[in-house]
Structure formats: structure tokens, C-alpha cells
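Worksheet: one structure, shown below.
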Amino acid sequence: MALQSAGGASLPFWGGSYSPLRSATLAVEERDETSPRSSPRARPESAASLPSAGGAAAASFWATETLQEENLAHLEGVGWWQMPLCYFFALLLWAMLFLAYLRSDNRAAATLRLVLLWYAAFLVLVPLGFLIAKAIMGSRIANGLKALSDFVLKMELKVERAYVDFSQGLICIDALQLKNPPDREWRSPYLMTAKRWIRCRVLLRDFALSGFRQLTIQELHVSGVELIYEKTFNSSNLNEVLTKIGEIKDNLKPPQNRPPDLTLREVWIEETSS
Numbered sequence: 004m005a006l007q008s009a010g011g012a013s014l015p016f017w018g019g020s021y022s023p024l025r026s027a028t029l030a031v032e033e034r035d036e037t038s039p040r041s042s043p044r045a046r047p048e049s050a051a052s053l054p055s056a057g058g059a060a061a062a063s064f065w066a067t068e069t070l071q072e073e074n075l076a077h078l079e080g081v082g083w084w085q086m087p088l089c090y091f092f093a094l095l096l097w098a099m100l101f102l103a104y105l106r107s108d109n110r111a112a113a114t115l116r117l118v119l120l121w122y123a124a125f126l127v128l129v130p131l132g133f134l135i136a137k138a139i140m141g142s143r144i145a146n147g148l149k150a151l152s153d154f155v156l157k158m159e160l161k162v163e164r165a166y167v168d169f170s171q172g173l174i175c176i177d178a179l180q181l182k183n184p185p186d187r188e189w190r191s192p193y194l195m196t197a198k199r200w201i202r203c204r205v206l207l208r209d210f211a212l213s214g215f216r217q218l219t220i221q222e223l224h225v226s227g228v229e230l231i232y233e234k235t236f237n238s239s240n241l242n243e244v245l246t247k248i249g250e251i252k253d254n255l256k257p258p259q260n261r262p263p264d265l266t267l268r269e270v271w272i273e274e275t276s277s
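Position in the sequence shown (first residue = 1) + 3 = the numbering used here.
Okay, here's the thing in C-alpha cells:
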């Protein structure tokens with residue numbers, strides 16, 4: 004896991020499975036509201052802290068800005084050209100077969116014509132199927148998040164855009180905003196915002212080959228996260244959400260079928276503030 008603060012410090016973690024975090028430690032300390040924020044470019048020798056509106060600050064102990072930037076470039080730059088390149092070669096093969104058909108005057112011309120027709124249908128239907136699946140899955144992701152917030156947490160959730168990038172196996176969510184619980188008045192309308200984006204690289208091929216029983220998340224990258232912690236007389240906005248989740252969890256019935264196994268390999272959280 005890599006937790007990066009506004010001060011530039013980050014906390015790296017690489018895990019082999021969905022298990023307790025092993026190589027990261029967070030120190031939480033009380034801090035005065037008037038404490039100055041650290042410079043965005045500062046890289047102190049000691050822990051870099053995150054000032055919060057509620058008086059808590061999280062401090063990390065590693066500064067791996069270069070490693071984080073390399074990981075971001077790897078996440079965004081790998082695989083975008085693979086599907087267009089494969090489609091180009093498929094079109095080139097169809098053109099070669101079409102030229103061979105035009106110059107053919109033997110008995111195999113009818114068979115070659117049938118092959119060309121099926122091949123052309125394949126070239127049209129496959130991209131169309133990807134576009135339809137991308138639109139459907141993006142809509143399902145956005146509606147699923149909204150249903151979770153509206154009917155389970157009873158909180159309003161806004162998502163600017165959600166889509167799936169099949170060329171890289173990415174589930175993409177842009178500009179997520181989760182509002183505070185509506186039970187009381189809060190100074191801020193939001194509990195959490197991911198101002199930039201959330202990227203989740205999933206091994207879709209392995210998930211399909213396992214009969215949809217083994218889901219592997221290769222990388223989870225969250226950028227621009229802001230957690231607005233507000234304390235009340237006897238609770239806080241975060242505690243109220245956790246209490247709701249606990250009540251819902253206690254009332255849930257155990258599933259009849261075992262859910263898919265989840266493996267989480269790498270997590271990056273950058274530009275985090277609270």
C-alpha cells in the first residue's frame with residue numbers, strides 16, 4: 004500500500020493476498036487546528052503529517068515519491084496500444100484475403116467469399132460488443148455504488164464517470180464524492196472525495212478462466228483523496244458511518260454460495276488529506 008500525504012511522503016506496501024497489512028505503520032497524533040501545513044514539495048527527514056479539520060493527523064515514515072511516479076506511469080502507459088494494434092493486423096489480414104479473392108478464378112472462390120463475409124462480421128461485431136459491454140459495465144458500476152450509498156448507507160454519492168478499459172483491464176471511477184450522514188448538521192457537506200480518480204487493474208482473463216471464482220486485483224490506485232473528519236459531542240461523522248456498516252453486517256444473512264476469492268496485490272493512495 005502506498006499512502007501519500009500532501010507533504011509528499013508515501014507509504015509503500017506490496018501484498019500477496021487479501022490479508023492484514025504487513026509493511027506499513029501509521030501513527031495518529033493529536034494536533035492543534037492552527038498547526039501550519041507542510042510545504043507540498045517538502046520531504047522531511049522525519050514523519051510527514053496530514054493536518055485535519057477534526058484535529059487528527061496521520062504520519063508516514065517513508066518518502067518514495069520517485070517510485071510512486073514510476074508506478075503511476077506504468078499504470079497509465081501499459082497496454083493502451085495492444086488492442087488497436089491487434090485490430091489493425093486483423094484488418095490487414097482481411098484486406099489480403101479480399102485481394103486474393105479478387106484475383107481468384109478457381110472453384111475455391113465461393114468458399115473464400117464465405118470466409119470473407121464471416122471475417123467482416125467478426126471485425127464489426129467484436130468492437131461493437133466491446134463498446135456495448137463497456138457502456139453496460141460502466142453503468143452497472145455507477146449504479147451499484149449509488150445503490151450501496153442510497154439504500155445501505157443512506158448517504159448520497161456522486162460519481163462523475165465510471166467505465167471499464169478492456170485494453171488494460173482497468174475499472175475507472177472519476178471524481179467520486181460521498182456526502183456526510185443526513186441525520187444531523189455538518190460543517191462540510193462531504194465525508195470523502197476522490198477528486199481525481201480511482202483506478203483498479205483487474206485480471207479479467209484469469210477471472211473468466213476461473214469460472215468467476217477467483218478475482219485478482221493487480222493494482223488499486225486512488226488519487227486526490229480528501230477525508231473530512233468532523234467530531235461531535237459524543238461521536239463523529241466517520242463513527243456514524245462505521246456504526247451503520249456494523250448494524251448492516253450483523254443483519255446480513257450468510258450467503259448460500261461461497262463468494263469469489265479476492266487477491267489484492269498492490270495499493271497506491273496518493274495526494275491524501277484529512
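Glycine included, each C-beta is placed from N, C-alpha and C at the ideal position.
- Between VAL129 and TRP121, the alpha-carbon positions lie close to 12 Å from each other.
- Within the segment 119-155, no complete beta strand (DSSP E) segment of 3 residues or longer occurs.
- The continuous stretches of beta strand (DSSP E) do not include ALA111, and DSSP gives it neither H nor E.
- The beta carbons of GLU229 and LYS182 sit about 13 Å from each other, so the pair does not count as a contact at 8 Å.
- Every alpha helix (DSSP H) of 4 residues or more that sits fully in the segment 191-266 is shown, in chain order, as 207-212 and 240-254.
- The beta carbons of LEU207 and GLY172 sit closer together than 7 Å.
- Residue pairing of ARG268 in beta bridges, as defined by DSSP: absent, with no partner found.
- Exposure of MET99 is indicated by the presence of fewer than 16 other C-beta atoms within 10 angstroms of its C-beta.
- Checking the DSSP bridge columns, you'll see LYS182 partnered with TYR193.
- PHE154 has its alpha-carbon roughly 22 Å from the corresponding atom of TYR166.
- Counting along the chain, the unbroken beta strand (DSSP E) around ARG164 starts and ends at 160-168.
- Counting only residues of its own chain and dropping the five nearest sequence neighbours on each side, TRP97 has a CB closer than 8 Å to the CB of LEU119, TYR122, ALA123 and LEU126.
- Straight-line spacing of the CA atoms in ILE220 and ARG116 works out to 44 Å.
- Per the Cβ contact rule, the segment 229-246 is not in contact with the segment 130-147 (fewer than 3 Cβ pairs under 8 Å).
- In summary, LEU267 is buried, with 16 or more beta-carbon neighbours lying within 10 Å of its beta-carbon over all protein chains present.
- Our two residues, CYS203 and VAL225, have alpha carbons roughly 8 Å apart in a direct line.
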